[in-house]
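Protein chains in written order, with this note's numbering: chain A, 1 to 131; chain B, 132 to 262. Working notes for the structure below.
There are 2 protein chains.
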Amino acid sequence: MKETLNLNAQAVLEAVHTAPSHPTALQIYETVKHTRPHIGLATVYRILHLLVGQQYIKELRYSDESCRYDAKTARHDHAVCMACGGLFDLPVAVDLPHEALEHAAQTVGMQLASHEVRLYGYCPSCQQQNH
Amino acid sequence: MKETLNLNAQAVLEAVHTAPSHPTALQIYETVKHTRPHIGLATVYRILHLLVGQQYIKELRYSDESCRYDAKTARHDHAVCMACGGLFDLPVAVDLPHEALEHAAQTVGMQLASHEVRLYGYCPSCQQQNH
DNA sequence: ATGGGTGCAAATCCTTTGCATCTGC
DNA sequence: GCAGATGCAAAGGATTTGCACCCAT
């Protein structure tokens, strides 16, 4: 299914994997330029779409900022800070009975493929600031 | 807490409420122009932010399209069609034990305020097309 | 020589902002 | 007359596209 990636694509994929959290296209571009100085931002975008299409990575969208990318393709949940907008991976899945999901999906006739839980609240550093 | 809304703001709020699903700013603008022909798109955006800030409505972001608005401010869950990108409100909340949420929130030190479940799958009409 | 991949710049889309004007008080 | 709201047009930021070029086949 997955085809071989050329050098640019490998560099982009590695940048997503090594990024501290969920990088934007621009951050990825800056990182990739270290190893591939000639690469253009448009190419980074083209490769990101390719990688998403082939399920190497996932695309994330939240708050009003730009699109972010996630190297963790396995199903997992997120927490969003309502103060700083930060997005955090939850290390453990929220325990959710499968029947409850199926039941909810059936109410709108949806054929269920996956799901995600998003927690909203205040992250540790934002809690301190407003103590 | 909530202040009185002027005529433009009332028209925008009503447009969000009467829209079939989750309208974009542009769709709201088109609707509002029927009753307030002089209104500008910038004003619609300004009012939408105001209404979000005062919790009259909620802002939604998903897929790669533009921002959408939701008249339903009470907590509820959504289903996203992976084929057509459609977003559907779930009429019933996904049954999720509160302890599970709190536990998940604690793993990242987050002070929990709210949450949302997102189901991903295929909506009825998209199921038919790919039968 | 051919085709896919690429860099660059221009274009596009959504959203925000600057500013002069208008409105109600 | 003032403060806040507004319309318009221009600016801004993220992403996409057009196109000529380059490289490996």
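No residue lacks a Cβ here, since even glycine has one placed at the ideal position from N, Cα and C.
Nearest to residue 216(B) by C-alpha distance, out of 257(B), 148(B), 159(B) and 160(B), is 257(B).
Around residue 70(A), no beta-carbon contact reaches into chain B at under 7 Å, the shortest distance being about 14 Å. Excluding five sequence positions before and after residue 159(B), the CB atoms of its chain that fall closer than 8 Å to its own CB belong to 143, 146, 147, 150, 175, 179 and 200, given in chain order.
Residue contact check for residue 45(A) against chain B: no CB pair falls below 8 Å. At the C-beta level, residue 36(A) and residue 8(A) come within 8 Å of one another. For residue 249(B) against residue 223(B), the beta-carbon gap comes to about 15 Å, at or over 8 Å, which does not count as contact. Note that the C-beta distance between residue 226(B) and residue 113(A) is not below 8 Å. Within chain A, no C-beta atom comes less than 7 Å from the C-beta of residue 207(B); the nearest is roughly 11 Å away.
For residue 116(A), the chain B residues whose Cβ falls inside 7 Å of its Cβ are 249, in order along the chain. For residue 192(B), the three-state secondary structure derived from DSSP is coil. At least one CB atom of chain B sits nearer than 8 Å to the CB of residue 61(A). Assignment of residue 40(A) by DSSP, reduced to helix, strand and coil, places it in the coil class. Closer than 8 Å to the CB of residue 235(B) there is at least one CB belonging to chain A.
Sequence-ordered contacts of the segment 87 to 98 of chain A with chain B read 88, 89, 90, 91, 92, 93, 94, 95, 96 and 97 [C-beta pairs closer than 9 Å].
In this structure, 189(B) is the residue among 189(B), 241(B) and 181(B) with its C-alpha nearest to the C-alpha of residue 153(B). Going by beta carbons, residue 24(A) and residue 66(A) fall inside the 8 Å limit. The beta carbon of residue 61(A) lies closer than 7 Å to those of 67 in the same chain, with the five residues before and after it left out. With respect to residue 120(A), residue 246(B) sits close: the two C-beta atoms are nearer than 8 Å. Rounded to the nearest angstrom, the gap between the Cα atoms of residue 186(B) and residue 110(A) is 29 Å.
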